[in-house]
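Trainee:
Given below as structure tokens:
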């Protein structure tokens with residue numbers, strides 16, 4: 053089931069860049085792992101970066117129970133979660149036509165504080181596994197106390213849209229005679245070799261998901 | 053001159069991660085090139101990714117004159133601009149203590165629509181040079197028509213704060229006896245070899261700032 057277009061998610065301009073199919077939206081959400089959570093606090097906008105996870109059609113974010121941003125977002129007001137993947141820088145012959153290649157998802161909705169302890173535990177592990185696929189089964193799971201100390205929010209992935217730009221620069225025909233290079237600088241996220249913290253049993257080798265870390269790409 | 057702490061930029065928790073000195077804030081703004089612009093539209097939050105530039109203590113964003121997000125932001129309401137650099141993923145022995153190393157800046161203020169044509173031109177070129185240092189002098193500058201077609205917003209970098217996390221996981225002492233690897237996966241932005249668009253004079257070589265693209269790091 054794909055996503056319904058609403059007044060908030062409809063693209064007003066460059067409609068060809070808009071995508072409302074679940075495959076496109078979920079692939080961007082799965083490749084990213086930092087979202088920018090927007091909420092309204094005291095009448096003004098606040099945008100904070102945070103990790104997130106996904107279980108089916110729900111997006112989860114979490115933080116300390118005392119976290120002001122999450123507490124405000126949990127109060128039943130509208131939230132906006134945006135995930136952006138920067139794929140490349142587009143160099144045109146003119147300053148005006150410079151651009152970026154990117155994939156982004158903008159998700160609107162009301163976040164709910166997760167009260168159920170089992171869902172809370174599943175969400176915490178889903179966030180760990182979203183950021184480092186395969187990690188959660190290697191870790192010591194959350195205690196009752198840690199679950200109490202954590203605020204988890206659920207946001208249904210219903211009112212969402214993706215925006216995608218690919219390709220080279222759009223040029224004015226007359227600019228093509230200028231002796232200026234045009235094209236794209238591709239960008240990727242690079243994971244370096246894992247650095248052990250030197251605590252505990254230092255003979256434990258870095259697991260494969262850390263030594264060969266990469267984001268899921270569909 | 054460093055930045056005054058306000059109710060909005062004061063850190064409520066983990067205060068040791070907060071930075072209000074100009075050197076830290078400006079270094080993060082200069083290394084990043086995609087910001088997440090938050091504004092309130094019809095009572096709810098909206099967060100969109102966009103490129104930006106900086107001239108002294110002003111941050112500039114731009115878009116088409118018809119851009120709804122920028123027009124809304126230009127209407128004199130509060131805006132929030134957040135820039136996030138993801139530096140690493142922190143793997144703890146427990147799911148609970150997983151974390152991210154990052155540097156972020158959150159900037160609050162009212163954006164002003166730039167009406168002065170010279171400032172508009174300078175801002176457009178500053179954004180080009182912010183994303184690709186050194187590029188603007190190689191490009192065909194904006195025409196009067198292109199300047200009219202572009203909406204440029206200025207946001208003073210006054211009410212801003214940086215947040216920085218570095219280092220390995222914080223562990224519960226009893227978790228250190230577990231046979232679980234702990235440490236950091238470092239993340240960097242990687243620029244690949246530039247891809248020419250195949251238009252115009254294809255003998256023009258990729259300039260050095262594209263062939264050896266990297267973000268300014270202080």
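Residue numbers (the numbering used here), protein chains in the order written: chain A, 53 to 270; chain B, 53 to 270.
Using N, Cα and C, we set each Cβ at its ideal position, and we do this for glycine too.
1. I need the boundaries of the alpha helix (DSSP H) containing residue 197 of chain B, first residue and last residue.
2. Reducing DSSP to helix, strand and coil, say where residue 159 of chain A ends up.
3. Just to make sure I have the definition right: I need the residues of chain A whose C-beta is within less than 9 Å of the C-beta of residue 257 of chain B. Which are they?
4. Got a sec: is the Cβ-Cβ distance from residue 112 of chain B to anything in chain A below 8 Å?
5. Counting only beta-carbon atoms, is residue 240 of chain A nearer than 8 Å to chain B?
6. Rounded to whole angstroms, how far is the Cβ of residue 266 of chain B from the Cβ of residue 243 of chain B, which I believe are closer than 8 Å?
7. So, is the C-beta of residue 284 of chain B closer than 8 Å to a C-beta in chain A?
8. Looking at the unbroken alpha helix (DSSP H) that takes in residue 171 of chain A, where does it start and where does it end?
9. State the DSSP-derived secondary structure class of residue 120 of chain A, mapped to helix, strand or coil.
10. Quick one, which of B/261, B/209, B/224 and B/270 has its alpha-carbon nearest residue 113 of chain B's?
11. Report the residues of the region 68-94 of chain A with a CB closer than 7 Å to any CB of chain B, ordered along the chain.
12. Hey, out of B/179, B/232, B/62 and B/270, whose CA is closest to residue 256 of chain A's CA?
13. Is it right to say residue 225 of chain B is buried, meaning 16 or more other beta carbons lie within 10 angstroms of its own, or is it exposed?
14. Pick helix, strand or coil for residue 54 of chain B, following the three-state DSSP scheme.
15. Give a yes or no on whether the minimum CB-CB distance between residue 6 of chain A and chain B is below 8 Å.
16. Evaluate residue 105 of chain A with the Cβ neighbour count: other Cβ atoms within 10 Å of its Cβ, from every protein chain shown; 16 or more gives buried, anything less gives exposed.
17. Got a sec: which bits of the region 168-199 of chain B sit with their beta carbon under 7 Å from any beta carbon on chain A, in order along the chain?
18. Among A/218, A/181 and A/169, which has the Cα closest to the Cα of residue 83 of chain A?
19. Confirm, please, whether the CB-CB distance from residue 101 of chain B to residue 127 of chain A is below 8 Å.
20. Checking contacts by CB at 8 Å: is residue 124 of chain B closer than that to chain A?
21. Residues in its own chain within less than 6 Å of residue 270 of chain A by CB, not counting five upstream and five downstream?
22. According to DSSP, what are the bridge partners of residue 188 of chain B?
23. Relative to the C-alpha of residue 245 of chain A, which candidate in B/147, B/140, B/70 and B/169 has its C-alpha closest?
24. Give the DSSP-derived three-state secondary structure of residue 227 of chain B in the structure shown.
25. What does residue 136 of chain B touch in chain A if you count any residue whose Cβ is under 8 Å from its own?
26. With a threshold of 16 other CB atoms inside 10 Å of the CB of residue 252 of chain B, please say whether the residue is buried or exposed.
27. Determine which residues share a DSSP beta bridge with residue 59 of chain B and list them.
28. Just checking: is the beta-carbon of residue 141 of chain A within a distance shorter than 8 Å of some beta-carbon in chain B?
Mentor: This is what the structure gives:
1. Where residue 197 of chain B is concerned, the enclosing alpha helix (DSSP H) stretches over 196-200.
2. Three-state result, residue 159 of chain A: strand.
3. Those are 233, listed as they occur along chain A.
4. No, its Cβ sits nowhere closer than 8 Å to a Cβ of chain A.
5. Yes, its Cβ sits closer than 8 Å to a Cβ of chain B.
6. A Cβ-Cβ distance of about 7 Å is found for the pair residue 266 of chain B and residue 243 of chain B, placing them in contact under the 8 Å criterion.
7. Outside the modelled stretch of chain B, which goes from 53 to 270, sits residue 284 of chain B, for which no answer is possible.
8. 169-183 is the span of the alpha helix (DSSP H), which, as asked, contains residue 171 of chain A.
9. Residue 120 of chain A falls in the helix class under three-state DSSP.
10. Ranked by Cα distance from residue 113 of chain B, the options B/261, B/209, B/224 and B/270 are led by B/209.
11. From the region 68-94 of chain A, only 86, 88, 90, 91 and 92 have a Cβ closer than 7 Å to chain B.
12. Residue B/232 is the option with its Cα nearest to residue 256 of chain A.
13. Residue 225 of chain B is exposed by the Cβ-count criterion.
14. DSSP places residue 54 of chain B in coil when its eight states are reduced to three.
15. This structure gives no information on residue 6 of chain A, because the portion of chain A shown stretches from 53 to 270.
16. When all chains shown are included, residue 105 of chain A counts as buried.
17. For the region 168-199 of chain B, which is checked against every Cβ of chain A, the residues closer than 7 Å are 176, 177, 180, 183, 184, 187, 188, 190, 191, 192, 193, 194 and 198.
18. Ranking A/218, A/181 and A/169 by Cα distance to residue 83 of chain A puts A/181 first.
19. For residue 127 of chain A and residue 101 of chain B, no; Cβs fall outside 8 Å.
20. By this cut-off, residue 124 of chain B is not an interface position.
21. Cβ neighbours of residue 270 of chain A beyond the five flanking positions: 79.
22. Note: residue 188 of chain B sits in no beta bridge, so no partner.
23. Closest by alpha carbon: B/140.
24. Residue state, collapsed to three classes: helix.
25. Per Cβ cutoff of 8 Å: 86, 88 and 101.
26. Under this definition residue 252 of chain B is a buried residue.
27. The partner list for residue 59 of chain B (beta bridge, DSSP) is empty, contrary to what the question assumes.
28. When Cβ-Cβ separations below 8 Å define contact, residue 141 of chain A makes contact with chain B.
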